[in-house]
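Single-structure report; data block below.
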Amino acid sequence: MSERATGAPAPRALPAEEGGGGRASVTFIGMPRSFRENAAEAVRNDQLGRNLRKATHTIRGKRARVVEELPDWAELREAGRAIKDHTLRHLDRYLLQLEEAVTRAGGHVHWAADAAEANRIVTGLVQATGESDVVKVKSMATQEIGLNEHLAAHGVTAYETDLAELIVQLGDDWPSHILVPAIHRNRAEIRRIFRDRMASWGRPAPEGLSDEPAALAEAARLHLRERFLSSKVAISGANFMVAETGTMVVVESEGNGRMCLTLPETLISVVGIEKVLPTWRDLEVFLQLLPRSSTGERMNPYTSMWTGAVEGQEFHLVLLDNGRTGVLADEVGRQALRCIRCSACLNVCPVYERAGGHAYGSVYPGPIGAILTPQLRGMGSELDNSLPYASSLCGACLEVCPVAIDIPEVLVELRARARHPRSERAAMRAAGWLLGDQARLARAQRLATRLRRLVPRRLPGPGSAWTDTRDLPEIPEESFRDWWKRS
Amino acid sequence: MSTREEVLGRIRRAVEGAPEVPEAEIPRAYRTEVPCDDLAGLLAERVADYRAIVHVVPSARVAATLAGLVEGKRIAVPDGLPAEWAGPVSQAAATVLADPARDELDTVDAVLTGCAVAVAVTGTIVLDAGPGQGRRELTLVPDHHLCVVRAGQIVAGVPEAIARLSPDSPLTWISGPSATSDIELDRVEGVHGPRTLEVVIAV
Amino acid sequence: MRVALFITCVNDTLFPGTGRATVSILRRLGCEVDFPAAQTCCGQMHVNTGYPEEGVRLARRFTEVFRDYDAVVAPSGSCAAMVREQYPRLAGRGEEGFAQEVARVAPKVHELSEFLVDVLGVTDVGAYFPHRVAYHPTCHSLRGLGLGDRPLALLGNVRGLELLPLPGAEECCGFGGTFSVKNPEVSAAMCATKVGNVLETGAEVLCAADNSCLMHIGGMLGRRETGVRTMHLAEILARTEARA
Chain A
1 MSERATGAPA PRALPAEEGG GGRASVTFIG MPRSFRENAA EAVRNDQLGR
51 NLRKATHTIR GKRARVVEEL PDWAELREAG RAIKDHTLRH LDRYLLQLEE
101 AVTRAGGHVH WAADAAEANR IVTGLVQATG ESDVVKVKSM ATQEIGLNEH
151 LAAHGVTAYE TDLAELIVQL GDDWPSHILV PAIHRNRAEI RRIFRDRMAS
201 WGRPAPEGLS DEPAALAEAA RLHLRERFLS SKVAISGANF MVAETGTMVV
251 VESEGNGRMC LTLPETLISV VGIEKVLPTW RDLEVFLQLL PRSSTGERMN
301 PYTSMWTGAV EGQEFHLVLL DNGRTGVLAD EVGRQALRCI RCSACLNVCP
351 VYERAGGHAY GSVYPGPIGA ILTPQLRGMG SELDNSLPYA SSLCGACLEV
401 CPVAIDIPEV LVELRARARH PRSERAAMRA AGWLLGDQAR LARAQRLATR
451 LRRLVPRRLP GPGSAWTDTR DLPEIPEESF RDWWKRS
Chain B
1 MSTREEVLGR IRRAVEGAPE VPEAEIPRAY RTEVPCDDLA GLLAERVADY
51 RAIVHVVPSA RVAATLAGLV EGKRIAVPDG LPAEWAGPVS QAAATVLADP
101 ARDELDTVDA VLTGCAVAVA VTGTIVLDAG PGQGRRELTL VPDHHLCVVR
151 AGQIVAGVPE AIARLSPDSP LTWISGPSAT SDIELDRVEG VHGPRTLEVV
201 IAV
Chain C
1 MRVALFITCV NDTLFPGTGR ATVSILRRLG CEVDFPAAQT CCGQMHVNTG
51 YPEEGVRLAR RFTEVFRDYD AVVAPSGSCA AMVREQYPRL AGRGEEGFAQ
101 EVARVAPKVH ELSEFLVDVL GVTDVGAYFP HRVAYHPTCH SLRGLGLGDR
151 PLALLGNVRG LELLPLPGAE ECCGFGGTFS VKNPEVSAAM CATKVGNVLE
201 TGAEVLCAAD NSCLMHIGGM LGRRETGVRT MHLAEILART EARA
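Residue numbers (the UniProt record's numbering), protein chains in the order written: chain A, 1 to 487; chain B, 1 to 203; chain C, 1 to 244.
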């Protein structure tokens with residue numbers, strides 16, 4: 001982080017590979033290392049630590065207060081879980097119903113098996129309008145597939161309009177949080193980014209810009225205003241899609257979503273197939289679960305709902321698989337597809353709080369990212385193989401998840417499939433052998449007792465991971481089992 | 001094989017043998033009706049929590065209140081604004097533009113509309129593009145949105161609102177002014193949407 | 001009632017005093033305690049590190065050792081949670097009959113404070129410990145087992161004990177089993193926060209229902225020479241005026 005802030009080579013996300021038949025999604029370049037190495041670097045960065053701590057603690061407090069307000073929170077959560085499970089079990093049926101409803105209402109539905117196909121479809125739709133600029137509503141799905149980079153390679157500039165996404169885009173940076181992607185930046189850093197970079201993307205930052213959040217928000221308003229009013233094409237994601245009615249739902253705060261969804265002549269929404277809900281009524285559950293879990297408000301400032309082509313607009317829906325059906329096939333892991341991207345799990349995660357979002361090397365950071373990323377793109381890289389271990393299994397994520405995703409359960413399941421270092425395998429086998437028989441265990445305990453004075457305060461090699469910061473416990477004179485036998 | 005068939009095929013193979021969660025067994029033990037004996041009062045409190053401006057006035061005083069709020073201003077109004085408001089407002093305002101085009105919208109001081117439903121518990125007003133509400137951009141481009149809520153339009157919770165609304169027309173749920181918490185989680189009112197939301201609740 | 005003590009491998013090997021304290025409390029309350037010698041480990045480390053086969057072998061062994069007791073008491077929230085919460089999930093990985101064994105044994109396993117409060121119906125065990133104590137609710141005892149305020153109720157009735165509220169009590173200490181060595185930097189950073197919060201209380205003793213977490217926090221308290229001791233809940237509850 002500090003490197004980037006001081007002008008090291010700008011990191012860029014790579015678009016998902018062209019033409020690849022399988023799963024593909026963006027990996028942050030310059031971050032091929034393991035979670036441990038990424039996180040260790042973040043831990044050393046005091047400024048980042050302060051930014052993250054302040055932000056996560058603020059929002060978790062807000063969430064707790066508004067969740068507390070609802071006496072039926074547990075029942076809403078149970079309904080949310082069950083609706084998602086039911087939908088996923090019959091996903092084919094609901095997607096077909098959705099397609100029919102959207103089409104009936106004048107929209108066009110496209111299917112994309114992977115990132116490359118989705119990028120190709122969207123780029124083709126934009127090119128057909130003759131436009132070379134598009135405005136974007138914050139969307140996880142389009143980040144996952146690297147759409148902006150793909151569009152750029154085909155001569156189309158995508159302008160992010162969410163304030164945090166704008167900060168990330170202007171700063172040549174990566175998002176580090178699902179809800180507040182620039183959570184790793186403080187106001188002084190944001191002012192510098194606006195001052196230095198706005199001019200090359202459009203209207204420059206106002207003279208004498210201060211680092212007050214209100215002034216920075218005003219600068220973003222001015223920077224994007226003209227673009228909103230003149231853009232002909234917008235690209236969005238969606239929080240929910242209702243199969244029964246064909247209705248799309250976008251939940252937001254700033255009004256940039258409304259601007260993009262309402263003003264342009266052509267609207268393209270790229271949405272993961274798991275975002276479908278069966279009925280209109282189901283929104284009564286999710287419009288309570290999502291805002292309170294996400295921004296910690298009773299309701300977010302703006303929610304837009306539209307069905308097909310409205311008010312003379314042309315509407316395209318791109319349904320994205322990109323590995324989701326692979327997740328769906330996994331008995332334990334499929335619950336990750338219930339996720340409504342609220343980010344409550346990030347905000348309570350003590351590991352996320354120290355490691356920051358970039359350490360996860362994916363647009364999906366935090367606990368949900370640790371189970372989603374390895375499932376969506378496999379565990380081939382060192383980073384993806386290490387993600388299931390990016391947790392102390394403390395369970396705070398499960399406790400706040402509005403759709404009751406048992407993240408620790410999935411983490412443990414993924415760990416069973418991870419590649420393990422040879423030395424660890426040997427140690428685990430040895431421990432298993434030792435613990436497989438009480439006599440062996442007793443002999444080892446007595447041996448440890450005899451050698452207890454020889455244990456150094458600081459261990460060499462892998463043991464130093466513990467003893468660098470913590471003392472070892474003293475080995476007792478006698479194990480419990482020997483005491484029991486004797487007494 | 002088309003991508004559509006391919007994706008559907010993958011889904012069918014993926015869920016084969018997965019446990020059934022019958023629709024009828026989805027537990028809906030949450031509250032679908034929230035008891036509340038002062039809907040207007042709760043709505044006023046919750047809308048004000050978002051730092052919106054709230055006026056609670058007797059129905060008979062709405063027109064006069066609106067006239068006072070728009071006095072000397074350049075105002076946009078949608079088609080179908082109730083005549084009992086439209087008259088006094090056009091007298092008081094400096095200019096009234098009826099359903100103006102986009103470039104004109106960016107020049108007004110405020111837009112005045114009614115709404116379809118209001119949700120007391122969450123402090124939300126919902127517009128459904130019906131008469132007196134207008135196209136979506138009408139309440140988006142102006143920097144100040146003045147919205148009238150009639151007592152009969154207020155429901156307690158989200159489930160009651162969903163039951164009243166129809167997705168056949170585009171809906172905009174508005175809870176306070178445009179806001180962001182993207183900078184250090186500090187809430188700032190006013191980014192791209194109207195920076196001032198003013199709600200007149202008629203009781 | 002035939003009460004078996006599941007001491008846990010960590011307590012057996014490194015913290016035998018916790019086991020002796022548990023025996024002493026249970027005997028004081030009139031329980032006949034047995035220690036099945038064939039017991040070793042619940043398998044948590046293996047399962048949570050990604051070695052379910054070894055874990056299932058140990059789980060299988062656990063169910064065989066404890067199948068005929070009326071109740072099994074463990075002075076560890078984490079190991080009790082492993083048996084009660086995770087064994088049922090492992091059931092599918094085991095041989096035939098394993099699932100039934102899990103269903104038979106798992107519900108009989110209680111963490112110590114659960115056993116005292118829920119089964120014996122006791123919140124005052126007659127203990128005496130005249131010190132300032134902070135209690136850290138470990139993640140698996142808090143969120144896994146849902147111990148709630150049972151340990152606090154027990155500590156609240158210890159004569160002479162001054163219970164001090166721990167800021168950020170519900171946050172993980174960063175141990176997480178092998179997490180502490182696989183991600184040592186983050187683990188230590190989490191522990192540093194916990195240690196800071198403990199010091200803020202002014203407590204002489206930090207208490208918890210899990211020695212593994214206490215080993216972690218205590219390791220840093222010791223390295224920093226803070227003078228704050230760590231003690232398992234059982235060891236405080238075992239202290240009486242006679243022994244003090």
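Heads up, the beta-carbon is just placed ideally off N, CA and C, and yes, glycines get one too.
Just so we're clear, the structure is a prediction, and the values are computed from it rather than from any experiment.
Cβ of residue i within 9 Å of any chain A Cβ
| i | result |
| --- | --- |
| D103 (chain B) | yes |
| A13 (chain C) | Reading off the sequence shown, one finds Thr at residue 13 (chain C), where the question assumed Ala. Yes, T13 (chain C) lies at the interface with chain A (some Cβ there is under 9 Å from its Cβ). |
| V119 (chain C) | no |
| V186 (chain C) | yes |
| S59 (chain B) | no |
| residue 266 (chain C) | Since the first residue of chain C shown is 1 and the last is 244, residue 266 (chain C) is not available in this structure. |
| E20 (chain B) | yes |
| G196 (chain C) | no |
| F175 (chain C) | yes |
| T226 (chain C) | no |
Selection from the options that minimises the alpha carbon distance to residue i
| i | options | result |
| --- | --- | --- |
| M259 (chain A) | B:E137, B:A151, B:T180, B:A163 | B:E137 |
| Y360 (chain A) | A:R354, A:A55, A:A370 | A:A370 |
| V168 (chain A) | A:N119, A:I183, A:T157, A:R44 | A:I183 |
| V195 (chain C) | A:G357, A:R470, A:F286 | A:R470 |
| P52 (chain C) | A:L451, A:R446, A:H420 | A:H420 |
| A189 (chain C) | A:E274, A:D468, A:E477, A:R195 | A:D468 |
| G202 (chain A) | A:E189, A:P213, A:R192, A:L222 | A:L222 |
| G237 (chain A) | A:S231, A:L91, A:V67, A:I340 | A:I340 |
| L106 (chain C) | C:N157, C:L120, C:R89 | Before going on, a small fix: residue 106 (chain C) reads as Ala here, not Leu. Among C:N157, C:L120, C:R89, the Cα nearest to that of A106 (chain C) belongs to C:R89. |
| D103 (chain B) | B:V141, B:A116, B:G72 | B:V141 |
C-beta neighbour in chain C for residue i, strict 9 Å
| i | result |
| --- | --- |
| S391 (chain A) | yes |
| G21 (chain A) | Only weak support exists for where G21 (chain A) lies, its pLDDT of 38 falling under 50; the value from the coordinates is given anyway. Chain C, which has no Cβ nearer than 9 Å to the Cβ of G21 (chain A), makes this no. |
| M1 (chain A) | Residue placement at M1 (chain A) is poorly supported in this model, since its pLDDT is 34, which falls under 50; the coordinates still yield a value, given next. No, M1 (chain A) lies away from the interface with chain C (no Cβ there is under 9 Å from its Cβ). |
| S362 (chain A) | no |
Reduced DSSP category for residue i - H, G, I as helix; E, B as strand; rest coil
| i | result |
| --- | --- |
| K485 (chain A) | helix |
| W306 (chain A) | strand |
| F240 (chain A) | strand |
| K232 (chain A) | coil |
| R292 (chain A) | helix |
| G144 (chain C) | helix |
| G92 (chain C) | helix |
| K136 (chain A) | strand |
| V109 (chain C) | strand |
| P181 (chain B) | The amino acid occupying residue 181 (chain B) in the given sequence is Ser; Pro does not appear at that position. Reduced to three states, the DSSP call for S181 (chain B) is coil. |
9 Å Cβ cut-off: residues of chain A touching residue i
| i | result |
| --- | --- |
| S180 (chain C) | S392, A465, W466, R470 |
| F6 (chain C) | Per Cβ cutoff of 9 Å: no residues; F6 (chain C) is ~11 Å from chain A at best. |
Cross-chain neighbours of residue i in chain C, by beta carbon under 9 Å
| i | result |
| --- | --- |
| L441 (chain A) | C9, D12, T13, T40, C41 |
Cross-chain neighbours of residue i in chain B, by beta carbon under 8 Å
| i | result |
| --- | --- |
| D196 (chain A) | Ordered by position in chain B, no residue passes the 8 Å Cβ test against D196 (chain A), which lies about 17 Å from the chain. |
is_contact[residue i, chain B] using C-beta, thresh 9 Å
| i | result |
| --- | --- |
| G246 (chain A) | yes |
| I193 (chain A) | no |
| R225 (chain A) | yes |
| D85 (chain A) | yes |
Partners in chain B for residue i, counting only beta-carbon separations shorter than 7 Å
| i | result |
| --- | --- |
| L328 (chain A) | I11, A14, V15 |
Proximal chain C residues relative to residue i, where beta-carbon distance stays under 7 Å
| i | result |
| --- | --- |
| M428 (chain A) | H46, T49, Y51, E54 |
| H420 (chain A) | G50 |
Chain-ordered neighbours of residue i on chain A, where CB pairs are closer than 8 Å
| i | result |
| --- | --- |
| P100 (chain B) | Neighbours of P100 (chain B) on chain A: none; closest Cβ ~14 Å, over 8 Å. |
Within chain A, the residues that residue i reaches when beta carbons sit closer than 7 Å
| i | result |
| --- | --- |
| A189 (chain C) | V43, R354 |
Counting Cβ pairs closer than 8 Å, one from the region 133–145 of chain A and one from the region 160–178 of chain A, do we hit at least three?
yes
Kindly confirm or deny that the region 171–191 of chain C and the region 38–56 of chain C touch, where touching means at least three C-beta pairs closer than 8 Å.
yes
Assess contact between the region 43–54 of chain A and the region 283–301 of chain A, defined as three or more Cβ pairs (one per stretch) separated by less than 8 Å. Is contact present?
no
Determine, using beta-carbon pairs with one atom in the region 15–32 of chain C and one in the region 65–76 of chain B, whether at least three such pairs fall under 8 Å.
No contact exists between the region 15–32 of chain C and the region 65–76 of chain B.
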